[in-house]
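K.L.:
Let me begin by handing over the structure; questions about it come next.
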Amino acid sequence: MQNKGAIRVFAILLALVSLYQLIFTYHTRQVEKEAKEIALGDPQAEINYLDSIANEPVYNFLGIRKYTYKECKEKEINFGLDLKGGMNLILEVKVADILKALSNYNTDPTFNEALQIAEQKEKTSSEDFITLFYNSFKELDSEARLAAIFNTVELKGRIDYNTSNDEVIKVVREESSSAIDNAFNILRTRIDRFGVTQPNIQQLEKAGRVLVELPGVKDPQRVRKLLQGTASLEFWETYEIGELVQNLIQANQKVIEIETAKAELAKSDVPSEVTEEVEAVQTAENAASDLLSQLDSDSTQVDSLATQEMSRSLFSVLSPNQRQQGPLVGYALAKDTSKVNAYLQNEHVSALFPKNVRFMWGVKPLPQRELADGTRSKDEIYELIAIKVSSHDGRPPLEGDVVTSARAETGQSGDYEISMGMNAEGSNVWARLTKANIGKSVAIVLDGYVYSYPTVNVEIKGGRSSITGNFTPEEAKDLANILKSGKLPAPARIVEDTVVGPSLGEEAVNSGFSSFIWAFIVVLAYMIFFYGFKAGTVSDLALLANMFFILGVLASFGAVLTLPGIAGIVLTIGMSVDANVLIYERIREEMAAGKGVRLAIADGYKNAFSAIIDSNVTTFLTGLILFVFGTGPIKGFATTLMIGIATSFFSAIFITRLTYEWLLNKKIEVKFSTKLTEGFMKNTKIKFLEKKKSFFIISGIILLASVISLATHGLKSGIDFSGGRTYVVRFEEKVSASDIQKALATEFEDAHVEVKTFGGENQVRVATNYMIDENGTEVDNVIEEKLFNGLKGTLGADVSFEKFINDYRMSSQKVGPTIASDIKAKAYRAILFSLIVIFLYILIRFRNWEYGLGALVALVHDVIVVLGIFSMLYSIVPFSLEIDQAFIAAILTVIGYSINDTVVVFDRIREYLGLHPKRDRVGVVDSALNSTISRTINTSLTTFVVLLVIFLFGGEVIQGFVFALMLGVVIGTYSSLFIATPVAFSVIEAREKKKIKAKK
């Protein structure tokens, strides 16, 4: 083998990188284990402990670099929500709503009809909404002008009556994109306030859609309300800190009195009926130390909070602003902000301040500062700003709906600033506000957080003003978008919503890993049983290395491990054996031909390489298509599948080869069979082509039954495809699904409700399309209350709504009709695209369209049969056989697996035809097919056994998915041998007969 040194170096480097990446997961698990022990079962105490050490070093890498718990957490293998519980949402800011707002809600009939047509077309089209709208607008009235619709005050200066339609669309597209970016920024800021570990928010491919993942969320109703609420942009007057110094000193003394009294009461035997003053304030923690060293001395000049003698005071958690100018009250560590809030909101403390003062936090932490030891501060520090309420009704003097334009620009000094314009009403108020506050600050507040508090230098007339503040380009752009949010009321609607309870997530982890371990043991044992101890152990070592590499690569990519992802890894175990089986079978053939072990091994690897490449490439292509068209957990499955294919190829080809080189150099004897398996499937003489009519008849009968079932019985669509809501509810004892369905049918006003036993007899899955077209923020709460009311009789009178949500409702999922339509369209495109890609690959690889046709017919055969079996069994079997995203992933995997087998068969046929060009073609093809049976049976059997283990131990969530894969393995193996090749050669024979007839 050439380049052995380079391969060794690469293997060592890959192993070191994997070890480096996985070590972070180990250290985070150790810290979290310690947190559980300290918390003694109290979840909040566990969270508090992890928050307190977030910026503490927990891992010292070779004495070179110390990593904090927070940094280790960012580098660990992430578990998906189905494994650790939490909430997953897709929010949509509808572009149609943005266009209506940009037009100032124009009532032009052509405009509104074009919007409606575009919304209908969007469900099935891959084009963006604005393009669909523009095309519809032109089709309705080719002479109509968009400038007449979008020539509004807000777009003045960019669109006038002479602006062409194309130029209007360009401006509208830019404004729409800006509005969507603004919505994304607002959502991201709100999510940062939830206090969840590792939240994930990202913009999806489709304009206006945002994916939000919130692990560990305890209150889904609050999340839905906050994320769907309209952004509130406000301009407030502010207090000068000098006006509040004495109040702060008095407040600090009052907090000391309260905490001292509370401490004294805690020492005595006084019962829980303590004074209101003690009850109102949370227990103060130790003083924050070294705060000043983490602040920028040029801008803050604040005395160190660490010098405070008193550990139970306001100033122990809030460092006052020593400059005594501006509205800045002081600074606090992120973990202390809630404590500061509790102190300031205490009625005895708040009474010491003016009635019209409000305290608001800055939206983002101060820049981190380099400390004396060369490291950077990790504690986040926030500013507290004093807001002045100057109106009788408590409202701000100016709100965001008056802003007509805002954009980031470069000022005369080269710094970034924001240029802002207002409408006539806003301009008048802004002039009065700035005139009254010259030399003071005006705070710009969004959702209750201060984004900026620029100082007013002069009265600003005409509504045009600039906001400066040492902004970065990104900060200037974000603030400009925020200022524009008031003029684009485009609320975010939840179109997909999944909640997984923590206990269900823990069960998913246990079932997922138990299936992983058992499948791994089965494969390891099988390889040793079939190929002998030494050869089997070498392949097992490659499998172990493969698993190590997969996990390392997943960690380095920051990929999220989901339950389907674990299934992808386990499936990779079964499929990675394929390369070893191909190599071992070729080695056995070479040894049977009389070659020595060393030469047989070399020729076995060489001759098997082509088939291994083909089978891996085709399977990788299906994984890639899954990744492109899939969402959420399906992407996780596709990611692990593709990574597994790449790492298994390297492990099976190169690591095993290096191991055999070492064994041969050490003169260690190696065998590739045992007495029991030596003659397995050898010298078979099945007449594949001669009996093709029989196989075609069998397949025809199965296909006919499948088509009849699909036409009459149909398929059970999951909510991914139909839209709706599902809930998994677990009870204390065994329940009747039919009784629950009757109770819920009444509660849900005869809307479609389906209840099915899910897993154990004490657990049901409820599916309904009730109010699925409603988008209000309270809809989810209403439906959950109806669900609770319908289940009251089964739950028992002592179960409250809160207890039901926290302890009995294990998970929930919502998919809106627009998302369902998109998912369905993507699924169809994915299957069609995969069939085309594989046909083209076979055509290019084998330079024969008949081979491609044979493979394509076999794949269509497999898909129809699997669909037919699902149609026949979905109302019979005790597990879910719904057609959803997971099923599409299974179908594509079946396609990949089936083509894997077919390619290996075609590769052997091509080889035999090259070796025996003058022999009878039918006999040569039959010989080639017979020679692959041992390999086909071995790989199919190992993969099937692995899938069976997942099916039995992997939990009910993925049983339908795995069942489809099991069917695919059996049907794909059959079609590779009995459909693909006979079809290809029937077409070849027909073509040759036609040629002969033409010559005559």
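Just so it is clear: in the sequence shown, position 742 is 751 by the working numbering, and no numbers are missing.
Backbone N, C-alpha and C fix where the C-beta goes; we use that ideal spot for every residue, glycine too.
Do V349 and L393 have their CB atoms nearer than 8 Å?
P.N.:
In contact: V349 and L393 (Cβ atoms closer than 8 Å).
K.L.:
Determine whether the beta carbon atoms of F142 and L124 lie at a separation below 8 Å.
P.N.:
Against a cut-off of 8 Å, the Cβ pair of L124 and F142 comes out as a contact.
K.L.:
Quick check on the DSSP output: the beta strand (DSSP E) that includes M431 runs from which residue to which?
P.N.:
Y425 to M431 is the extent of the beta strand (DSSP E) around M431.
K.L.:
Say whether the segment 723–738 touches the segment 803–823, bearing in mind that this needs 3 or more beta-carbon pairs closer than 8 Å, one atom from each stretch.
P.N.:
Result yes; three or more Cβ-Cβ pairs closer than 8 Å.
K.L.:
Considering only the beta carbon of each residue, do G409 and E243 sit closer than 8 Å?
P.N.:
It is a contact, given that the beta carbons lie within the stated cut-off.
K.L.:
Taking only three categories from DSSP, how would you classify N437?
P.N.:
Here N437 sits in helix by DSSP.
K.L.:
Using the beta-carbon count (16 or more within 10 Å), is Q334 buried or exposed?
P.N.:
Counting Cβ neighbours within 10 Å, Q334 comes out exposed, since fewer than 16 surround it.
K.L.:
Give me the residue from E356, D137, I21 and L719 with the minimum Cα distance to L882.
P.N.:
Ranking E356, D137, I21 and L719 by Cα distance to L882 puts L719 first.
K.L.:
In whole angstroms, what separates the C-alpha of D169 from that of T413?
P.N.:
When rounded, the distance between both Cα atoms is 16 Å.
K.L.:
With a 10 Å radius around its C-beta and 16 neighbouring C-beta atoms as the bar for buried, classify V586 as buried or exposed.
P.N.:
Buried.
K.L.:
Is any beta-carbon of chain D found at less than 8 Å from that of Y170?
P.N.:
No chain D appears in the structure shown, which is made up of a single protein chain.
K.L.:
Classify M536 as helix, strand or coil using the three-state DSSP reduction.
P.N.:
Looking at M536 - three-state DSSP - the assignment turns out to be helix.
K.L.:
Given a cut-off of 8 Å, decide if F138 and A188 are closer than it, judged by their beta-carbon atoms.
P.N.:
No, the pair does not count as a contact, with Cβ atoms beyond the cut-off.
K.L.:
In the DSSP assignment, find the unbroken alpha helix (DSSP H) run with F542 in it and report its ends.
P.N.:
F542 to F566 is the extent of the alpha helix (DSSP H) around F542.
K.L.:
Any contact of the segment 429–447 with the segment 393–407, i.e. 3+ C-beta pairs under 8 Å?
P.N.:
Output reads yes: the segment 393–407 touches the segment 429–447.
K.L.:
Can you find the residues in the same chain that come closer than 7 Å, C-beta to C-beta, to E122, ignoring five residues on each side of it along the sequence?
P.N.:
Around E122: L149.
K.L.:
So Y906 packs on T628, CB below 8 Å; how close in whole Å?
P.N.:
Sure, about 7 Å apart at Cβ, within 8 Å.
K.L.:
Name the residue from V934, V886, N909 and E998 whose alpha carbon lies nearest to the alpha carbon of S985.
P.N.:
Among V934, V886, N909 and E998, the Cα nearest to that of S985 is on N909.
K.L.:
Are the beta-carbon atoms belonging to A528 and I582 less than 8 Å from one another?
P.N.:
In contact: A528 and I582 (Cβ atoms closer than 8 Å).
K.L.:
Could you tell me if S325 is buried or exposed, where buried requires 16 or more neighbouring beta carbons within 10 angstroms of its beta carbon?
P.N.:
The residue in question, S325, is buried, as its Cβ has 16 or more Cβ neighbours within 10 Å.
K.L.:
Taking the CB atoms as reference points, tell me whether F962 and Q968 lie closer together than 8 Å.
P.N.:
Against a cut-off of 8 Å, the Cβ pair of Q968 and F962 comes out as no contact.
K.L.:
Which residues bound the beta strand (DSSP E) around S821?
P.N.:
Looking at the DSSP string, the run of the beta strand (DSSP E) that includes S821 is R818 to V824.
K.L.:
With a threshold of 16 other CB atoms inside 10 Å of the CB of K82, please say whether the residue is buried or exposed.
P.N.:
Classification for K82: buried.
K.L.:
Give the range of the alpha helix (DSSP H) segment to which N939 is assigned.
P.N.:
Note, N939: alpha helix (DSSP H), R930 to F962.
K.L.:
Could you give the DSSP three-state label for I86: helix, strand or coil?
P.N.:
I86 falls in the coil class under three-state DSSP.
K.L.:
Run the CB neighbour count on E505, radius 10 Å, all protein chains shown included, and call it buried at 16 or more, exposed below.
P.N.:
Buried is the call here.
K.L.:
Taking the beta carbon of T419 as the centre, do at least 16 other beta carbons fall within 10 Å, making it buried, or is it exposed?
P.N.:
Exposed, because fewer than 16 other Cβ atoms sit within 10 Å of the Cβ of T419.
K.L.:
How far does the alpha helix (DSSP H) with Y68 in it extend, from its first residue to its last?
P.N.:
Run containing Y68: none in the alpha helix (DSSP H); it sits in the beta strand (DSSP E), P66 to F70.
K.L.:
Are there 16 or more other CB atoms within 10 angstroms of the CB of V934, so buried, or fewer, so exposed?
P.N.:
The residue in question, V934, is buried, as its Cβ has 16 or more Cβ neighbours within 10 Å.
K.L.:
Is I200 near L220, with beta carbons less than 8 Å apart?
P.N.:
No, they are not a contact pair.
K.L.:
Taking only the alpha-carbon atoms, compute the straight-line gap between I621 and M600 and give it to the nearest angstrom.
P.N.:
Answer to the nearest angstrom: the Cα atoms are 20 Å apart.
K.L.:
The alpha helix (DSSP H) spanning S809 covers which residue range?
P.N.:
Neither: S809 is in no alpha helix (DSSP H) and is coded neither H nor E.
K.L.:
G723 and A752 - do their beta-carbons sit closer together than 8 Å?
P.N.:
Contact flag unset, no.
K.L.:
Is it true that the segment 464–482 meets the segment 421–429, where meeting means three or more beta-carbon pairs spaced less than 8 Å apart?
P.N.:
The segment 464–482 vs the segment 421–429: in contact.
K.L.:
Could you give the DSSP three-state label for Y883: helix, strand or coil?
P.N.:
DSSP places Y883 in coil when its eight states are reduced to three.
K.L.:
Under the rule that 16 or more other beta-carbon atoms within 10 Å means buried, what is P329, buried or exposed?
P.N.:
P329 should be labelled buried.
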